[in-house]
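Asker: In mature numbering (1 follows the signal peptide of the UniProt record, and there is no 0), the protein residues as written are -31 to -1, 1 to 336.
A virtual CB, placed ideally from N, CA and C, is assigned to each residue, including glycine.
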Amino acid sequence: MSMSRNSGFRRVPGHNLIVRALALTAALCMAATSAACGAKGADEKADDGSKLSFMLDWTPNTNHVGIYVARHLGYFDKAGLKLTILPTAQAGAETSVQNGVADVGFSKLSNLATFNSQGADLRQVFNIGQHSVARWCSLASRTDIQTPKDFDGKTFVSFGSAEQTAVVKQMIRYAGGKGDFKRVTSGTNTFATLTSGKGDFAGFYANWEGVESELKGPALHCFTQADWGVPGNPDQLGFVVKNSWLQQAGHRRALTAFVKACLKGYNYALSHPDQAADILVKETKGSAIDPTLAKRSMESIVKEGYWVDSPNQKSISGLINVKDAQDYLDFQFKAGTYKGAKKGDPNKAPQATDLWTDRYVREAAGR
């Protein structure tokens, strides 16, 4: 999804799946020829279960609010866990976790499918995204765009993701179009790219940029991909680790403690959205998050029930919906999104059950 620079939900320049997958492939090749690669990484940290490093996927935003609430309210301290929150790296959280730069990272299941097809060994262990927040939008002033069919022949503002391209093509074809469109790389502000006329439509997140649009403009006309022939949920997002990192008992203890504290943090945020937004702003002063945007975003998350099975629930499950995940992975596989690192394209779709484990959520919740 495109994230505008002035929204407080900012991309690192060049931070997209293509760049990150290439970085991962290079790193895996280096690791195969040099045992020294990543020698000071997370796998060699103390394994007594008292320390953990966590890498964000973007600059801090309401997707991360449960982590900052847990830190602010002392949940990590009470668990005897010393947490270090790392800003996102140029290569991305996935590559950083794979290489041992961070113990845990923030990502989503569909990203793991891409990275693991390139040779990574990542697994998601916690999920907040029960419903998709992805939206595909033009400016509301563009009266020539009434359905996704009208994206045909127009210019898509993107970061070159094959996953996004597959989604947009399907939406256009489902609406009766051909699925042909041009692409332009987004600048630092996707809204500006649209208002300048350099692009006609783009991907946004309803719980952040959608809120920003309502607060500050420009007004958007948006479509939800599930309404236009794209199955499943692309936004099952949360915490990811490297499988081999889990081999050490201390790492497993630390992860369970971390997930337990974060469950409490996200549940607090659902029950106290305004206070949680204030905590997010206070805990991330360097990011200069707009307090009104943070509060309206939390209001949207609670009202729309993005993190729960139905609106106004006050606790999250932390689990993925396996069927929704697999439906989306199957769709992307059929679209040719996944490219193997060594032996060409994979011969079957990534399996959600290979990319996910519920062990740590269940241990944390006492289930």
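1) Going by DSSP in three states, Gly43 sits in which element: helix, strand or coil?
2) Would you be able to state if there are at least three C-beta pairs under 8 Å between the segment 160 to 170 and the segment 220 to 239?
3) Label Pro280 either buried or exposed according to how many other C-beta atoms from any shown protein chain fall within 10 Å of its C-beta, with 16 as the threshold for buried.
4) Please list, in chain order, all residues of the same chain as Tyr237 whose beta carbon is under 6 Å from its beta carbon, the five residues on each side excluded.
5) Are Pro117 and Ile97 closer than 9 Å when you measure CB to CB?
6) I need the straight-line Cα distance from Ala109 to Cys191, nearest angstrom please.
7) Provide the residue span of the alpha helix (DSSP H) that contains Lys138, from first to last.
8) Between Arg104, Lys147, Gln244 and Val137, which has its C-alpha nearest Val180's C-alpha?
9) Roughly how many angstroms lie between the CA atoms of Asn158 and Val94, to the nearest whole one?
10) Roughly how many whole angstroms lie between the Cα atoms of Trp325 and Leu262?
11) State the DSSP-derived secondary structure class of Ser77, mapped to helix, strand or coil.
12) Please report the distance separating the alpha-carbon of Ala321 from that of Val291.
13) DSSP three-state call for Ala(-9): helix, strand or coil?
14) Which ranges does the alpha helix (DSSP H) cover as unbroken runs of at least 4 residues, wholly within the segment 189 to 273, from first to last along the chain?
15) Can you find at least 3 beta carbon pairs, one from the segment 57 to 75 and one from the segment 272 to 279, that sit closer than 8 Å?
16) Less than 7 Å between C-beta atoms, sequence neighbours within five positions excluded: which residues of the same chain meet that for Glu332?
Answerer: Reading off the structure:
1) coil
2) no
3) exposed
4) Val38
5) no
6) 8 Å
7) Ala131 to Tyr143
8) Arg104
9) 32 Å
10) 32 Å
11) The residue you asked about is not Ser; residue 77 is Lys in the sequence shown. The answer is strand: DSSP assigns Lys77 an E or B state.
12) 6 Å
13) Because the pLDDT at Ala(-9) is just 47, under 50, the model does not fix this residue reliably, and the point stays unresolved.
14) 218 to 240, 242 to 252 and 260 to 273
15) no
16) Thr225
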